[in-house]
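Structure first, then comments.
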Amino acid sequence: VGETIEQGDLMDEVCSHILSTLQNELKDNWHELINQDFAELISGGKFQPEQLENIQEEWWDRTQPHVEAWSKRQAGGIYRRENRKLNAGQSPSVATISETEIALASKRLSHAIRQLILVQTLLDGGLAPQQEKCIREELWLELAPQVERTAQSYQKSAAKRGFEVEDLIQDASAHFQQVITRFNPEDNRRAMLGTWFDDVVDNLFAAAVRPRKADTLKRGIGGTAEDELSDEMPTSPKQSLRYVRDHQRQQEAADSLRHIDEICCQLVETGVCPIERVLAFKLYLCEGLTYQEVAEALKAQGYNYGTTQMFNFVKEVKAHVLGRFEGDPFTSN
């Protein structure tokens, strides 16, 4: 028991160190983050230099709930990643924690707060058309690199459907302009904008590369249905009945799949499940990958998990989906 308490105290100490470092670095760099050019963008025009300090203070106060919540999340993530690197019985300490990890987390937090301010300005309304256009363009420039990385992971699937990675990116750009105002910056429990949009884009790309014919919602629902509908219209009463039943089953499967996608989005947006767990579930369910293949796919995205963890992730997310579904969508009709 004493050892457990010591480990808990050590975790609190390490996380507090990371937390204070992240918040102090953000505060130290705040004047660079909210510089003259950025302040003019969100304010919609020129202003006197002495007004810049007021704008910086206003946004520092407005973003504090998110700074606190998101830096805590970053600190916990660093601790868990550092803990996985150590041998059994060892725990991270302030002395051993990776400065590189903290630097990367600090950069992520700065980007997230900057994006938050842009979205909040957009949602505050009352913007001139040119100002709104510039803010939307700036947000897209912030998110474009991660969209491109996600699109690259769908390269093979996209090629089978006859289009390029650039086509996916263009679709994501157009979709972004439609959905950006759905992000709720008032709720600091939500994921950062970049994490939220990662899941939006993943759903968009998965739908784009998925074969047209829907299958029953078993493993491999992204694959071609075993019992495909005939391209020809039925010519007998018996064929007509089968055609109607097949079409109905196909439509129900597609509807269920859309509902599952919505649930997966909600799980990530509300913080119920980390994005990598939902991705594991969708790769296993929709693409029909093995647990080993899912682990390798996530590793390519920077996550390091084993097959047992993939099994647990799929089981966990599936349970959440079933809890929000009427009936069981994972059985044949």
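Numbering (the numbering used here), first residue to last: 542 to 874.
Glycine included, C-beta positions come from ideal geometry on N, C-alpha and C.
The structure presented is a predicted model; accordingly, all values stated were derived computationally and were not measured.
Can you tell me which of the three DSSP states residue i falls into?
i: Asn624; result: helix
i: Leu830; result: coil
i: Gly812; result: coil
i: Thr765; result: Reliability of the predicted coordinates at Thr765 is poor, the pLDDT of 36 falling under 50, and no value is obtained from them.
i: Lys613; result: helix
i: Phe738; result: helix
i: Asn725; result: coil
i: Ile596; result: helix
i: Gly843; result: coil
i: Gly586; result: coil
i: Asn576; result: coil
i: Thr862; result: First, the amino acid is wrong: residue 862 is Val here, not Thr. Helix, per DSSP.
i: Ile654; result: helix
i: Val855; result: helix
i: Asn570; result: coil
i: Ile559; result: helix
i: Ala748; result: helix
i: Ala636; result: coil
i: Glu554; result: helix
Mind reading off the beta-carbon distance from residue i to residue j? Whole number of angstroms is fine, and I expect it under 8 angstroms.
i: Ala713; j: Val750; result: Rounded, the Cβ-Cβ distance is 13 angstroms, inconsistent with contact.
i: His652; j: Gly735; result: 7 angstroms
i: Cys814; j: His861; result: 7 angstroms
i: Ala504; j: Leu709; result: Absent from the structure is residue 504, since the part of the chain shown begins at 542 and ends at 874.
i: Phe717; j: Leu668; result: About 17 angstroms separates the two Cβ atoms, so there is no contact after all.
i: Ser647; j: Gln842; result: Actually they do not touch by this definition, with Cβ atoms about 21 angstroms apart.
i: Ile559; j: Ile654; result: Not a contact, Cβ separation roughly 17 angstroms.
i: Gln680; j: Gln711; result: What sits at residue 680 in the sequence shown is Leu, not Gln. Incorrect: roughly 16 angstroms between the Cβ atoms, too far for contact.
i: Val858; j: Val819; result: 6 angstroms
i: His572; j: Gln597; result: 6 angstroms
i: Tyr825; j: Val835; result: 5 angstroms
i: Gly812; j: Ala732; result: 7 angstroms
i: Arg622; j: Glu642; result: 7 angstroms
i: Trp737; j: Phe746; result: Rounded, the Cβ-Cβ distance is 15 angstroms, inconsistent with contact.
Determine whether the beta carbon atoms of residue i and residue j lie at a separation below 8 angstroms.
i: Cys675; j: Leu574; result: no
i: Leu612; j: Val555; result: With the sequence shown as reference, residue 612 is identified as Ser, and Leu is not the correct amino acid for it. In this structure, Val555 does not lie closer than 8 angstroms to Ser612 by Cβ.
i: Ala580; j: Leu593; result: yes
i: Cys806; j: Lys823; result: no
i: Val809; j: Ile816; result: yes
i: Leu839; j: Tyr846; result: yes
i: Ile721; j: Arg677; result: yes
i: Val706; j: Ala692; result: yes
### Message
Any contact between the segment 651-670 and the segment 592-610? By contact I mean 3 or more CB pairs, one from each, below 8 angstroms.
### Response
yes
### Message
Whether or not the segment 795-803 and the segment 720-728 are in contact is what I'm after, with contact meaning three or more pairs of Cβ atoms, one per stretch, closer than 8 angstroms; do they touch?
### Response
Pairwise C-beta distances place the segment 720-728 out of contact with the segment 795-803, as fewer than three of them are shorter than 8 angstroms.
### Query
Which runs of the beta strand (DSSP E) spanning at least 3 residues fall entirely within the segment 658-732, listed in chain order?
none
### Message
Check whether the segment 559-573 and the segment 609-624 are in contact - that is, three or more C-beta pairs closer than 8 angstroms.
### Response
yes
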